[in-house]
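A.B. asks: Heads up: the protein sequence lines correspond to chains S and E, in order. Each residue of the first sequence is one higher than the last, beginning at 32 in my numbering. Each residue of the second sequence is one higher than the last, beginning at 31 in my numbering. For each residue, glycine too, the CB sits at the ideal point set by N, CA and C. All values reported here derive from a predicted model rather than from experimental measurement.
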Amino acid sequence: MQSVFRIASMLGALTLPAFGEPVTEFMLDNGLQIVVIEDHRAPVATQMAWYRTGRADEPAGQSGIAHFFEHLMFKGTDSVAPGEFSAIVAANGGRDNAFTSDDYTAYFQRVPTAQLGEMMRLEADRMANLNLSSENVATELQVILEERGQRVDSDPSALFREQMSAAQYLNHPYALPVIGWLHEMQQLNRDKALDFYDRHYAPNNAILVVAGDVDPAMVRELAQTHYGPLEPSDTVPLRLRPSEPPQLAARRLIMADARVAQPYIMRTYLAPERNAGDQKKAAAITLLAEVLGGSGTTSVLSRALQFDSQIAVYSGAGYSGVSVDSTTFSLIVVPSAGVSMVDAEKALDDTLAKFMETGVDPADLARIKTQVRAAEIYARDDAGDLARSYGAALAVGLTVQDVQDWPAALDAVTEADIMAAARAVLIPENSVSGWLETKATP
Amino acid sequence: MIRAVFITLALLVTSPLRAEVEIVEVTSPKGIKAWLLEDHTIPFTALNIRFQGGTSLDRPAKRGSINLMTALIEEGAGDLDAQGFAKSRDDLAASFTFASDADGISVSARFLTENRDAALGLLAQTLIKPRFDQDAIDRVRGQVLAGIEADAKDPSAMAATLSSAAIYGSHPYGSDDAGTVGSVAALTKQDILTAFADAIAADRMVIGAAGDITAAELGAALEGLLGELPAAGAPLPPKASPNFLGGITVQDFPGPQSTVLFSQSGINVKDPDFMAASLVNEIFGGDRFTARLMTELRDKRGLTYGVGTGLASMAYAESMDGSFQASNEKVAEAVDMLRAEWAKLSVGDITQAELDAAKTYMIGSYPLRWDGNGSIASILVGMQINGFAMDYPKIRNDLVRALTLDDVNSVAQRLLQPDQLQITVVGQPNPPPK
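(1) Does the CB of G180/S have a neighbour CB from chain E at under 8 angstroms?
(2) Assuming L379/S is part of the beta strand (DSSP E), what are its boundary residues?
(3) Among the candidates L77/E, D421/E, L446/E, S194/E, whose CA atom is the shortest distance from the CA of E247/E?
(4) Please list the segments of the alpha helix (DSSP H) lying wholly inside the segment 151-184 of chain E, counting only runs of 4 or more residues, in order along the chain.
(5) Using C-beta distances below 7 angstroms, list every residue in its chain close to L462/E, excluding the 5 sequence neighbours before and after it, in chain order.
(6) Here's the rule: buried if 16 or more other CB atoms are within 10 angstroms of the residue's CB, otherwise exposed. What is E177/S?
(7) Looking at the structure shown, is A116/E part of a helix, part of a strand, or coil, going by DSSP?
(8) Report yes or no: is there a C-beta of chain E within less than 8 angstroms of the C-beta of G390/S?
(9) So the candidates are I175/S, P90/S, M387/S; which of them puts its Cα closest to the Cα of L457/S?
(10) DSSP three-state label for V322/S, please.
(11) What is the C-beta distance between G277/E and S349/E, in whole angstroms, given that I count them as a contact (C-beta under 8 angstroms)?
(12) So is T14/E buried or exposed if we call it buried at 16+ other beta carbons inside 10 Å?
(13) Looking at C-alpha atoms only, which residue of S125/E, D131/E, K219/E, S118/E is the closest neighbour of L87/E?
(14) Alpha carbon to alpha carbon, what distance is there between Y391/E and P303/S?
(15) Would a check of beta-carbon distances place D109/E closer than 8 angstroms to chain S?
(16) Got a sec? Which residues, its chain only, sit under 6 angstroms from L47/E by beta carbon, not counting five neighbours each side?
(17) Looking only at its chain, what residues have a beta carbon closer than 8 angstroms to the beta carbon of A44/S, apart from the 5 residues adjacent to it on each side?
(18) Could you pull out every unbroken alpha helix (DSSP H) segment of at least 4 residues lying fully inside the segment 277-364 of chain S, listed in chain order?
(19) On the premise that D134/S lies in contact with G180/S, defined as a C-beta separation below 8 angstroms, what is that separation, rounded to the nearest angstrom?
(20) Which class does W65/E belong to by DSSP, given the choice of helix, strand or coil?
(21) Does DSSP classify A39/S as helix, strand or coil?
(22) Any heavy atom of the ligand FAD closer than 7 angstroms to the Cβ of D127/S?
(23) In chain order, what residues of the same chain lie with their CB nearer than 8 angstroms to the CB of V366/E, ignoring the 5 residues before and after it?
(24) Tell me which residue opens and which closes the beta strand (DSSP E) that Y138/S is part of.
(25) Pairing CB atoms from the segment 184-200 of chain S with CB atoms from the segment 279-298 of chain S, are three or more of them under 8 angstroms?
(26) Output the distance between the C-alpha atoms of A197/S and L207/S, rounded to the nearest integer angstrom.
(27) Give a yes or no on whether the minimum CB-CB distance between W466/S and chain E is below 8 angstroms.
(28) Please classify I285/S as buried or exposed, where buried requires at least 16 neighbouring CB atoms within 10 angstroms.
(29) If you run the structure through DSSP and keep just helix, strand and coil, what is V17/E?
(30) Should V267/S be labelled buried (16 or more other beta-carbon atoms within 10 Å of its own) or exposed?
(31) Please decide whether K63/E counts as near chain S, where near means a Cβ-Cβ distance under 8 angstroms.
(32) Check whether chain E comes within 8 angstroms of V241/S, counting only Cβ atoms and requiring the distance to be less than that.
(33) By DSSP, does T46/S sit in helix, in strand, or in coil?
(34) Name the residue from S405/E, M420/E, R444/E, G417/E whose alpha carbon lies nearest to the alpha carbon of A139/E.
(35) With DSSP run on the structure shown, which of helix, strand or coil describes M58/S?
(36) Could you tell me the boundaries of the alpha helix (DSSP H) in which D436/S lies?
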């Protein structure tokens with residue numbers, strides 16, 4: 032009974048990916064990095080083109096341009112009509128789509144393996160030859176405004192998360208929403224999109240992940256044919272983003288919205304990310320989140336707030352270290368009916384304080400590590416998920432080796448490591464505590 | 031209700047197709063039957079058991095009892111309370127999920143080969159000796175009530191509730207299967223025990239498994255897992271008599287956008303025209319970005335972020351449904367477009383090019399539905415419920431190929447009923463849609 036609340040998903044599934052599948056890595060002369068993940072159980076291939084470009088790489092004042100541009104990549108090239116790429120994918124029974132985050136933008140197709148070359152031809156083509164009409168740009172702007180309306184403005188939890196991030200980051204662009212602020216989205220146009228394209232879309236700013244029933248030698252040959260001729264850019268920007276100053280004040284925000292049915296408390300703390308060759312801290316924080324709020328039944332928060340007391344109907348903790356710069360560690364508590372926000376937050380703080388004194392239950396850690404090891408086996412069931420894990424990791428600056436070392440890094444974490452991580456991360460001055468409340472309809 | 035719709039859709043459109051693969055029927059010594067697809071690549075097994083009937087078996091005035099009972103199955107069994115059970119399960123790195131919908135209860139299990147017997151032993155406890163401890167009932171009841179209250183302010187859930195009530199009336203499909211705040215608050219431990227006895231029984235099981243297990247091993251495992259279940263549960267629910275009366279209902283709700291849900295009568299998966307109807311739906315509001323509604327509403331006009339339709343062939347009724355969200359000031363135009371497209375298709379205006387594109391998509395996508403052991407196990411269950419033969423994956427694409435333009439246009443004329451199109455809007459559309 033863990034999925035009653037849609038807000039639970041805001042923490043993100045705290046996946047513990049781990050890998051035992053054959054992975055091959057190589058690079059073309061133009062700087063395109065290529066990773067091949069083999070899974071020969073079905074005659075299917077997934078191509079994912081990842082760009083090391085996301086929301087946090089946008090020019091100031093143009094929030095949302097990375098995501099808007101992702102939509103425009105479907106609007107045709109010199110030789111392919113708008114929508115034709117998707118139509119070709121569909122005609123082959125495949126699926127295609129794309130997504131944008133703070134740190135990357137990715138495009139994917141899942142097709143019969145025989146179509147992989149055609150997918151590479153089309154993906155390579157739009158990396159270099161996009162041809163946007165003003166009319167298509169204007170219509171697509173309406174689509175992303177509707178997308179914001181649907182995903183954010185119609186959802187008080189999404190609006191609340193925007194406010195939380197804006198309060199968490201004093202200087203870093205992670206403060207801004209991936210979809211963009213509405214007033215800045217409204218000002219996006221064809222010229223800004225083309226500037227963004229010129230600056231960021233080039234083979235030496237991309238990673239190609241191919242997963243499925245493929246042979247690495249065949250992938251290399253096809254990639255050389257289709258991507259090989261693309262010119263690298265000598266102006267790919269370094270990802271030197273404004274960094275956070277020391278944070279000196281615990282922040283607190285209260286938001287009220289008539290559409291809220293279930294008030295809740297969310298707290299985020301600034302937390303370090305995984306770094307290439309240096310994942311020890313992030314591994315400890317990952318397991319800290321698991322110990323505190325990973326299981327809806329046996330985690331420290333669930334036991335204290337839902338079993339030993341009935342303060343909450345849901346509680347959880349979340350952290351993902353896959354990030355270019357400092358990310359967040361989150362806690363959430365959804366109070367039971369009749370429990371005030373003050374009392375629920377006090378119970379959360381009391382539970383954390385007690386945890387800092389008593390430490391990690393060795394049986395809890397052993398159980399979590401068993402699951403980490405099993406996750407290595409279960410993860411192999413979905414080559415598409417594996418492709419996403421590798422692509423995201425590489426797009427934030429991690430290496431294939433880091434991805435493959437990650438299960439061992441998690442397995443090496445000790446109880447003392449977790450407590451050290453807790454002391455390093457759970458610092459009030461680095462935190463934002465938010466209440467999302469309801470209010471009477473005006 | 032809506033949940034059941036999507037589950038059914040998933041079952042309909044997916045099936046495995048791997049040249050060397052053979053589905054086999056396994057029969058345990060005591061006669062429990064299951065479909066199996068063996069694959070020893072990865073050392074784990076996915077097992078899916080569906081008990082037909084589901085939340086539509088709620089007794090009068092006990093709405094929500096099956097839903098709450100299902101949520102409680104894993105909250106303690108045998109000698110283990112909820113904490114003890116979760117620890118034992120996690121120590122084995124197994125996962126069990128229990129989910130109810132209007133047509134059934136699905137038990138999905140995933141377990142490693144290295145400790146398969148222990149994992150199945152633990153799962154068996156949930157089906158043979160669930161505890162339904164009072165403290166667990168109260169705790170999970172609190173979660174369910176919070177969910178019901180959240181749905182009361184969720185525009186998609188509000189639209190589904192309004193639409194289902196209008197179409198299905200007093201049939202279980204006509205009300206939210208989580209129950210109401212009042213009905214759930216009043217449920218007792220005895221109600222939960224009754225719900226379990228009504229819903230979990232050997233006479234309504236459909237079983238699929240995929241992964242690292244042989245037919246003999248599966249047969250033996252089923253015996254231990256399900257051999258002690260009672261022979262019979264409550265009688266299955268009656269067929270619904272849906273009323274698709276057409277017209278538009280607007281429910282006020284604050285926000286910049288409105289949620290629009292629309293429905294009309296559908297077609298049963300066992301109807302000989304179902305495959306042609308699936309092609310019609312694919313052309314009209316299917317998965318592809320190039321489907322008609324997506325092209326007209328999103329690509330050409332920017333009226334919405336996404337729109338689609340689906341054929342829901344449920345156990346006790348059929349419908350064709352769809353939904354979109356749009357800014358309040360665009361809703362009227364989007365609804366006009368929707369009605370115009372509905373009317374246009376109802377005369378059968380599909381072109382050969384549209385049909386060819388949809389057919390190549392449906393044929394080509396078929397083998398791609400192969401998604402790993404977890405999905406395959408549930409696909410095998412869906413095939414059995416739909417009454418498909420074990421060799422269906424081998425003939426399915428020929429069925430699609432054989433359909434002509436006349437076939438799909440005559441089915442479009444039969445299927446699309448503009449007068450029945452019942453539209454539910456939750457939001458503050460301005461100008462008001464007609």
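C.D. replies: Quick look at the numbers:
(1) yes
(2) It is not in any beta strand (DSSP E) - L379/S instead sits in the alpha helix (DSSP H) that spans 372-389.
(3) L77/E
(4) 164-181
(5) First, the residue type needs correcting, since residue 462/E is Pro and not Leu in the sequence shown. Only V280, A362 meet the Cβ criterion.
(6) buried
(7) helix
(8) no
(9) M387/S
(10) helix
(11) Not a contact, Cβ separation roughly 16 angstroms.
(12) Since the first residue of chain E shown is 31 and the last is 464, residue 14/E is not available in this structure.
(13) D131/E
(14) 45 angstroms
(15) no
(16) Residue placement at L47/E is poorly supported in this model, since its pLDDT is 44, which falls under 50; the coordinates still yield a value, given next. Answer for L47/E: Y396, P397, P423, listed in chain order.
(17) Low confidence applies here, because A44/S scores a pLDDT of 33, under 50, leaving its location unreliable and the question unanswered by this model.
(18) 311-324
(19) At roughly 25 angstroms, the Cβ-Cβ gap does not stay under 8 angstroms, so G180/S and D134/S are not in contact.
(20) strand
(21) With a pLDDT of only 35 at A39/S, under 50, the local geometry of the prediction cannot be trusted, and the value read off the model is given with reservation. Three-state DSSP puts A39/S in a helix.
(22) As for the ligand FAD, it is missing from this structure, which has no ligand bound.
(23) As written in the sequence, residue 366/E is Asp, which differs from the Val given in the question. For D366/E, where only same-chain residues beyond five positions count, the Cβ hits under 8 angstroms are P463, K464.
(24) 136-143
(25) yes
(26) 6 angstroms
(27) no
(28) exposed
(29) Because chain E in this structure spans residues 31 to 464, residue 17/E falls outside the shown range and cannot be described.
(30) buried
(31) no
(32) no
(33) Note on T46/S: pLDDT 36, under 50, position unreliable in the model; the coordinate value appears next. Coil, per DSSP.
(34) S405/E
(35) strand
(36) 431-442
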